[in-house]
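Everything below concerns the one structure shown next.
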Amino acid sequence: MSSVMCRSYSHIPLTIKKEDFIFTSPHKSLLAKGIFANLTLPAEQGHRHNSEFQRQIDQLLIQATRAGIKNPIIAGVIPFDKRHASALYIPQSYQWFDRHTLALPNTPVNVMGQLHQYLDHNDFCSMVKKALCALHGDTLDKVVLSRLLNIESIKPLNALSIWCQLHKQNPSSYNFYLPLSDCTLVGASPELLLRKQGDKLWSCPLAGTAKRGENSASDNLAKETLLTSSKDRYEHELVTKAIHHQLSAHCQDLTIPVPSLISTPKLWHLATEIEGLVKDKNESAISLACLLHPTPALCGTPSMIARDLITQLEPFDRQWFGGIIGWSDAEGNGEWVVVIRCGKVSTYRIELFAGAGIVPDSQPENEWCETSNKLGTMLSALNYQPC
Numbered sequence: 001m002s003s004v005m006c007r008s009y010s011h012i013p014l015t016i017k018k019e020d021f022i023f024t025s026p027h028k029s030l031l032a033k034g035i036f037a038n039l040t041l042p043a044e045q046g047h048r049h050n051s052e053f054q055r056q057i058d059q060l061l062i063q064a065t066r067a068g069i070k071n072p073i074i075a076g077v078i079p080f081d082k083r084h085a086s087a088l089y090i091p092q093s094y095q096w097f098d099r100h101t102l103a104l105p106n107t108p109v110n111v112m113g114q115l116h117q118y119l120d121h122n123d124f125c126s127m128v129k130k131a132l133c134a135l136h137g138d139t140l141d142k143v144v145l146s147r148l149l150n151i152e153s154i155k156p157l158n159a160l161s162i163w164c165q166l167h168k169q170n171p172s173s174y175n176f177y178l179p180l181s182d183c184t185l186v187g188a189s190p191e192l193l194l195r196k197q198g199d200k201l202w203s204c205p206l207a208g209t210a211k212r213g214e215n216s217a218s219d220n221l222a223k224e225t226l227l228t229s230s231k232d233r234y235e236h237e238l239v240t241k242a243i244h245h246q247l248s249a250h251c252q253d254l255t256i257p258v259p260s261l262i263s264t265p266k267l268w269h270l271a272t273e274i275e276g277l278v279k280d281k282n283e284s285a286i287s288l289a290c291l292l293h294p295t296p297a298l299c300g301t302p303s304m305i306a307r308d309l310i311t312q313l314e315p316f317d318r319q320w321f322g323g324i325i326g327w328s329d330a331e332g333n334g335e336w337v338v339v340i341r342c343g344k345v346s347t348y349r350i351e352l353f354a355g356a357g358i359v360p361d362s363q364p365e366n367e368w369c370e371t372s373n374k375l376g377t378m379l380s381a382l383n384y385q386p387c
């Protein structure tokens with residue numbers, strides 16, 4: 001498959017090609033085509049207005065406007081570790097569409113191949129135990145640890161077909177498809193880091209997860225158990241407190257309600273729907289996203305201590321996994337989500353990622369099961385079969 005048909009708000013037919021960027025959202029969905037300019041600067045100082053990162057974005061947006069691109073956008077992905085290179089760009093053109101109008105083909109995906117785990121069960125549980133030792137000190141409250149699955153396919157992989165299956169199975173998620181230099185990043189993220197429209201701001205962090213039940217009774221039990229879990233409520237509170245601390249200087253009328261539940265086809269999540277008014281409406285969505293990223297939901301808290309422990313314990317570089325993906329326009333509006341429930345697709349290989357938040361009450365076996373449940377989103381889209 002090299003293209004997918006859909007239509008825009010004005011019902012003009014659109015063709016999604018394998019080299020395009022797709023970002024579907026419940027608010028408005030983006031189809032971006034072509035590259036006007038690239039930006040690979042690290043986003044470590046992206047929250048600062050006078051940083052080189054923000055200056056280059058502003059310059060590129062001005063250049064794009066002068067070249068005739070109306071309200072140009074900066075789009076792409078920022079890695080988990082903001083000290084590393086970003087993969088951002090100004091598209092030549094873009095259009096908005098309603099994700100419910102996507103007419104996706106019914107072509108099945110059947111991935112067969114060898115699966116390799118990084119880490120396996122014993123090594124992952126051992127890593128969690130090491131983190132628990134660090135958590136029993138007085139410098140760390142939470143750390144998020146992850147593992148990878150690599151599938152070596154016996155046939156060439158079609159990233160656009162995989163994304164189509166992922167979107168069909170997860171129609172309410174933030175679904176993304178982004179071609180990169182060495183792979184294509186596809187995912188169905190349930191987690192909104194930040195959305196900004198005018199002076200209004202929204203964020204919906206997730207922390208605390210349970211597998212959905214196989215029937216109504218078991219599903220309700222899983223939901224209620226998660227909602228009343230002191231361990232999961234504590235883990236979630238660490239995230240919302242950190243976001244409140246970071247946004248309070250930039251927002252007024254910041255509302256952080258008690259946690260509620262959101263669901264995906266496979267999981268329940270504790271979620272908090274945060275809203276606020278940005279004091280300076282000219283502050284861009286990407287600068288605010290850089291301010292929040294990475295939240296304790298993907299890294300831990302305190303952030304720098306958790307990040308250093310992740311580097312010490314995880315035997316791989318997360319790269320884009322746990323990063324943020326989305327867009328921001330020349331007027332400061334935009335939407336950025338967390339890069340989870342995702343995979344990096346190359347010709348014969350796909351790499352999957354899942355993590356779990358570790359707090360003092362965590363049990364290694366439970367955290368292993370949580371990562372397995374999260375990996376299920378991608379494995380289901382792949383219809384993976386070992387060989």
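Counting in the UniProt record's numbering, the sequence shown runs from 1 upward without gaps.
Cβ atoms here follow ideal geometry from the backbone N, Cα and C, with glycine treated the same way.
In this text, all values refer to a predicted model and were calculated from it rather than measured experimentally.
Nearest to Leu145 by alpha-carbon distance, out of Asp308, Ala87, Glu335 and Ala330, is Asp308.
For Trp163, the uninterrupted alpha helix (DSSP H) run begins and ends at Ala159 to Gln169, by DSSP.
Per DSSP, Ile74 lies in no alpha helix (DSSP H); the unbroken beta strand (DSSP E) holding it starts and ends at Ile73 to Ile78. Using a C-beta cut-off of 8 Å, the stretch 202–215 makes no contact with the stretch 40–57, since fewer than three inter-stretch Cβ pairs fall below that distance. Collapsing the DSSP output to three states places Cys204 in a strand.
Closest by C-alpha distance to Ser287, out of Leu201, Lys33 and Asn366, is Leu201.
Each residue's CA atom was taken as its position, placing Ala87 and Phe124 some 30 Å apart. Rounded to whole angstroms, Pro315 and Gly323 show a C-alpha spacing of 18 Å. Ranked by how close their Cα comes to the Cα of Ile340, the residues Ala188, Phe36 and Leu226 have Ala188 in first place.
Nearest to Pro179 by C-alpha distance, out of Ala32, Thr228 and Trp96, is Ala32. Under DSSP, Met112 takes part in a beta bridge, and its partners are Gln385.
Only exposed fits Trp96, as fewer than 16 other CB atoms lie within 10 angstroms of its CB.
Beta-bridge partners of Thr24 (DSSP): Asn175.
Nearest in C-alpha terms to Asp81, of all of Leu135, His250, Leu292 and Ala103, is Leu292.
Non-local C-beta neighbours of His84 in its own chain, meaning closer than 7 Å and more than five positions away in sequence, comprise Pro42, ordered along the chain. Under the Cβ criterion (8 Å, minimum of three pairs), the stretch 222–229 does not count as touching the stretch 366–375. Listed in chain order, the non-local C-beta contacts of Tyr348 below 7 Å within the same chain comprise Glu152, Ser153, Pro156 and Leu157, local neighbours out to five positions each way being set aside.
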